Amino acid sequence: MSPAAPNTAHLLDANVNYQSLFCFQPNSGATSSGVFAGDDPLKFYFPLLLYHVCIVFALSRAIHAVLGRASVPLVISQILAGVLLGPSFLGHLLPRVGELFATPEGWVQINTVGGYAFMLQIFVIGVKTDLGMIAKSGKKAIAIAVLGTAAPHLAMYITSLALRAHVPAAGVGDHLSHHQPHLMVVALGVHRRLLHAT
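Taking our numbering, the leading residue of the sequence shown gets 1142, the next gets one more, and so forth.
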């Protein structure tokens, strides 16, 4: 008679965030045979990527066509397009329409491609950085760099103090320390585009 397996359900519940898990049918094909062959192109990775890229570019360019007349940089239009297509606006107001843009497979793909694009952008920033130009860059660029580095840390610290009572004690250190560097590092790409546009 084999010994009974230990009950580890409480350990799983404590360590796994089930809201962040996606379960969907794995698809080994990158491309589909097309609508006329009976395939749904949005169930395949490459057509789904093209669909997302076309929607993002079309919306960001449409917003920039309006805001560009007021000399608003393109990166601001791209940020607004991301906010409009994200769960806080389109997914909240029109959930059915939001599901057409952001399926669970699409979120995984967008996060993966976005991570690679971000690493490539950071690499390009490092390659083009000339340390001798830092002293010649002027007070404006140095102030933007300092604020872009310090402001996310300060904002996360103030937010953590305000939300300390609502965050479980086990997740305070890991959760907040995980998001703080992301807020700081992601801002580098935005600052680069803003400095390039001005």
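Backbone N, C-alpha and C fix where the C-beta goes; we use that ideal spot for every residue, glycine too. All figures in this text were calculated on a predicted structure; none of them were measured in a lab.
{"Asked": "When the Cα atoms are used, what is the spatial distance from Tyr1159 to His1233?", "Found": "Annotation note: pLDDT 46 at Tyr1159 (below 50); position unreliable, coordinate value reported separately. One C-alpha to the other measures close to 20 Å."}
{"Asked": "Please return the same chain residues whose Cβ sits closer than 6 Å to the Cβ of Phe1187, not counting the five positions on each side in sequence.", "Found": "Ala1171 and Thr1172"}
{"Asked": "Apart from the five residues just before and just after Leu1208, which ones in its own chain have a Cβ nearer than 6 Å to its Cβ?", "Found": "Ser1218"}
{"Asked": "Closest to His1198 by CA distance: which of Lys1184, Asp1181 and Ile1220 is it?", "Found": "Here residue 1198 is Phe; the residue named in the question, His, does not match the sequence. Here the closest residue by C-alpha is Ile1220."}
{"Asked": "Taking all protein chains shown into account, decide if Gln1174 is buried (16 or more other Cβ within 10 angstroms of its Cβ) or exposed.", "Found": "According to the sequence provided, residue 1174 is Ser. The question's Gln does not apply to it. Its Cβ having fewer than 16 others within 10 Å, Ser1174 is exposed."}
{"Asked": "Return helix, strand or coil for Pro1245, following the three-state DSSP convention.", "Found": "helix"}
{"Asked": "Taking Arg1305 as part of the alpha helix (DSSP H), name the residues at either end of that continuous run.", "Found": "Run containing Arg1305: none; DSSP gives neither H nor E here."}
{"Asked": "Could you compute how far the alpha carbon of Ser1278 sits from the alpha carbon of Lys1184?", "Found": "48 Å"}
{"Asked": "Grouping DSSP H, G and I as helix and E and B as strand, with all else coil, what is Phe1187?", "Found": "helix"}
{"Asked": "Within 10 angstroms of its Cβ, does Pro1293 collect 16 or more other Cβ (buried), or is it exposed?", "Found": "buried"}
{"Asked": "Compute the distance between the beta-carbons of Leu1191 and Ala1222, then report whether it is under 7 Å.", "Found": "no"}
{"Asked": "Can you tell me whether Leu1288 is buried or exposed? The criterion is at least 16 other CB atoms within 10 Å of its CB, across all chains shown.", "Found": "exposed"}
{"Asked": "Please report the distance separating the alpha-carbon of Ala1303 from that of Ala1291.", "Found": "19 Å"}
{"Asked": "For Ser1229, which of helix, strand or coil comes out of DSSP?", "Found": "coil"}
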